[in-house]
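All remarks here apply to the structure that follows.
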């Protein structure tokens, strides 16, 4: 390889091509996220149906449960297929080690589903354990989406992914609320534990949705804000969070809670589908833009080089980066480029450089936000694993710790993760 | 693809293999850094010789300059060759777009070298412009090293790279000090500008070397601290920073400054070579460790699966992540694994997950450090490009701004970069 303007041009074009490839890769990831969102939704429905089935006596809800199981099985296949494809395309990327490790957890959890379902049908599993298993599978699926979000190297797409991930997390807390409420209503009594759990789940939802609104596109955010208020469901929420004695008709109340909560979740799913479409549109948009830019650059350079051969008695160029008054006298004869050509090539290089830098600037800002979120998730996971807490119990524990020490939640999480290995080795 | 333990194992192994591949890729990058360090050193020598040549009259130093040019040409080839190889291996990586754009700048700058040298031989270029061109080429080479450092996905290697990069930056400031001092001594007078420049360069050196000591291995740090003090050179520094009137024998003083400064730089080069060796050793060490871990994992899993077929009347496993007291009752029959086997597979998955998480934890901490450094470098580059300042003038400007507003340097740099596009469009 020689150090001449042709080689410089070669790498300039390579840099652009790289961007296009990354965006194509991002598009594949976006597709995966859409399929995961679908699978999670069906698992949430299955969890809700399982709750009604276990909490009620007799064959009631058995058919609904069977239907939900079928839907979840159907939704599982496309996810597994894209994961298989993903492995082919991303094995070379540094971040893939974490992605694949996450996939292993997901697959392992999904592998347990059939057994879980058997024991549910046989009513061989207590309702809390059953719920915990579904929560766990979904948590692993969400962790996968978070890994994908983490590696998005294009700001607009990254924001769309953060919005989608936050919404999915909020929706999952809503799903857990549906399950907990359905169980309590059907059982007919709400103890302190259940009420605290519900309050915690409502709080967690609000946080996720605030975050979603911060990152979502105008339209989706507006759709959510319009849909949010559902007086009927809010009324049942108040009952659930305040009632102490058993209701008059537990079965009916349980069912109407389940129905309203399910309508709410279905509404969320519609917004989520909209988010998935936005995500895909942004990916495709960025790809088209990048491809156009790639072609334009190619064209500019061809014009540049076509004039390369012309006789140029005393041509000269700047050395890259030395522009500006201070070096006005800094002329140099180049390697066969006229001054204006040399400067335009230099201009192209600097332009690309500046553009990538400001992209990187935007991304690192987003990564800080993401990083904090990820640390909190991990700290939660740690508590769940080693103290056997549920997700919102773990979250509450972290929040209490933060308040009692008057620290930020992220600081508590970071502290917890720095001692993670100790916890791991002495569970 | 089916959701069973074999698939989970498949991705668990894929995750490990990924790590090994990344480390191999990192090794290639490390080799590049070593070659760049060599090229920079020869360019620094050439810059120094050019200074003596331009500042002295007559043919003095012409032979030395010719020899230096030859050495720089020799050092250039291996860098260009690894860059060519790098393009083959890293085109798929997201960060490569920035890397390649950096390569384009480097190649463009190197392409100007022959012309630069012609004009120096003909004494057709003023000394400051000449120096600025060399500084610029080296700045682009250092930016390349910084990109490589940025993408190191293994903490131990990343730290070695940060140490090496910081040292290389410090050494370059030392090289600029040699050039400025040689020019001033030979010219026989030091005006305020030169003195301020020298003070700024000394300050910048100290900052880089402090940073180096923070990240370097014990031995290299110690070697540096031992070598640092050189009374002879310090004496000349004091003269340079205080003297106002011309010296008695400018040529001799210029030469002795140049000689002492060169000895200092050669000493630095030796330490830098040591750092390059440490870097390679760490890469190789991590590769070996990762490969061993890969094999061990494979072995564990084979044992696991070999016992898979055994009759297991009522085997059961946990769902991943649901361990711990809270779910002690959470047993499930798995997909053909005995309880202990299921748990050991789950253990392997969780172990990998935890390990990758704590690696990521360490890395994001390092990235914060790196990110701030990178922002400051970029802000400097911006000022150099649009105000035509020299590197340490730009740095001084940033520092002044920070002090006057009582803000951190990084905040000033970040603010400057957020308005970069404005500056870019209205140079």
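Chains as they are written, first to last, in this note's numbering: chain Y, 1078 to 1504; chain Z, 1078 to 1504.
Even for Gly, the Cβ is constructed at its ideal location relative to N, Cα and C.
All figures in this text were calculated on a predicted structure; none of them were measured in a lab.
In the three-state scheme derived from DSSP, where H, G and I count as helix and E and B as strand, residue 1199 of chain Y is classed as coil. Considering only Y:1459, Y:1089, Y:1261, the residue with the shortest C-alpha distance to residue 1318 of chain Y is Y:1261. Under the 7 Å criterion on CB atoms, residue 1169 of chain Z is classed as interfacial with respect to chain Y. Put simply, the CB of residue 1455 of chain Y is near chain Z, with a gap under 7 Å to one of its CB atoms. For the pair of segments examined, the segment 1108-1125 of chain Z was found to touch the segment 1211-1226 of chain Z: the number of CB pairs separated by less than 8 Å reaches three. The DSSP-derived three-state label of residue 1206 of chain Z is helix.
When Cβ-Cβ separations below 7 Å define contact, residue 1438 of chain Z makes contact with chain Y. Around the Cβ of residue 1208 of chain Z, a 10 Å sphere holds 16 or more other Cβ atoms; the residue is buried. When Cβ-Cβ separations below 7 Å define contact, residue 1095 of chain Z makes contact with chain Y. Distance from the CA atom of residue 1298 of chain Z to the CA atom of residue 1351 of chain Z, rounded to whole angstroms, is 11 Å. By the CB criterion at 7 Å, residue 1282 of chain Z and residue 1251 of chain Z fall inside the cutoff. Burial check for residue 1430 of chain Z: the Cβ neighbour count within 10 Å reaches 16 or more, so the residue is buried. Taken in chain order, the members of the segment 1140-1166 of chain Z whose beta-carbon sits within less than 8 Å of a beta-carbon on chain Y are 1153, 1157, 1158, 1160, 1161, 1164.
At a cut-off of 7 Å between beta carbons, residue 1441 of chain Z contacts chain Y. In this structure, the straight-line span from the alpha carbon of residue 1288 of chain Y to that of residue 1244 of chain Y is close to 8 Å.
The DSSP-derived three-state label of residue 1483 of chain Z is coil. Taking one beta carbon from each stretch, the segment 1179-1188 of chain Y and the segment 1434-1445 of chain Z have fewer than 3 pairs nearer than 8 Å; the two do not touch. Pairwise C-beta distances place the segment 1160-1167 of chain Z out of contact with the segment 1149-1165 of chain Y, as fewer than three of them are shorter than 8 Å.
Residues of the segment 1179-1191 of chain Z with a C-beta less than 9 Å from any C-beta of chain Y: 1179, 1180, 1181, 1182, 1183, 1184, 1185, 1186, 1187, 1188, 1189, 1190, 1191, listed in chain order. Taking 7 Å as the cut-off, the beta carbon of residue 1114 of chain Y is found no closer than this to the beta carbon of residue 1330 of chain Y. For residue 1175 of chain Y, the closest of Z:1154, Z:1090, Z:1464, Z:1134 by C-alpha to C-alpha distance is Z:1090. Shown here for residue 1300 of chain Y: same chain residues with a beta carbon closer than 6 Å to its own, the five before and five after excluded, namely 1348 in chain order. Boundaries for residue 1266 of chain Z: no alpha helix (DSSP H) harbours it, and the DSSP string shows neither H nor E there.
Taking a beta-carbon distance threshold of 7 Å, residue 1250 of chain Y does not count as an interface residue toward chain Z. Counting only Cβ-Cβ distances below 8 Å, residue 1426 of chain Y has contacts in chain Z at 1178, 1181, 1182, 1185, in chain order. Here DSSP, grouped into helix, strand and coil, assigns residue 1378 of chain Z to helix. Distance between residue 1474 of chain Z and residue 1277 of chain Z, taken at the CA atoms: about 11 Å. One thing to note: residue 1116 of chain Z has its Cβ within 7 Å of the Cβ of residue 1152 of chain Z. Of the other Cβ atoms in all chains shown, 16 or more fall within 10 Å of the Cβ of residue 1119 of chain Y; this residue is therefore buried. Contact annotation: residue 1356 of chain Z and residue 1107 of chain Z have beta-carbon atoms nearer than 7 Å.
Among the residues facing chain Z, residue 1434 of chain Y is included, as its CB has a counterpart in that chain under 7 Å away. Around residue 1362 of chain Y, no beta-carbon contact reaches into chain Z at under 8 Å, the shortest distance being about 18 Å.
Note that the C-beta distance between residue 1435 of chain Z and residue 1381 of chain Z is not below 7 Å. Any Cβ of chain Y closer than 7 Å to the Cβ of residue 1270 of chain Z would place that residue at the interface, and such an atom is absent. Beyond the five residues adjoining it in sequence on each side, residue 1255 of chain Z comes within less than 6 Å, by CB distance, of 1125, 1338 in the same chain, given in chain order. Distance from residue 1221 of chain Z to residue 1180 of chain Z at the Cβ level is roughly 7 Å; contact confirmed, criterion being Cβ atoms closer than 8 Å.
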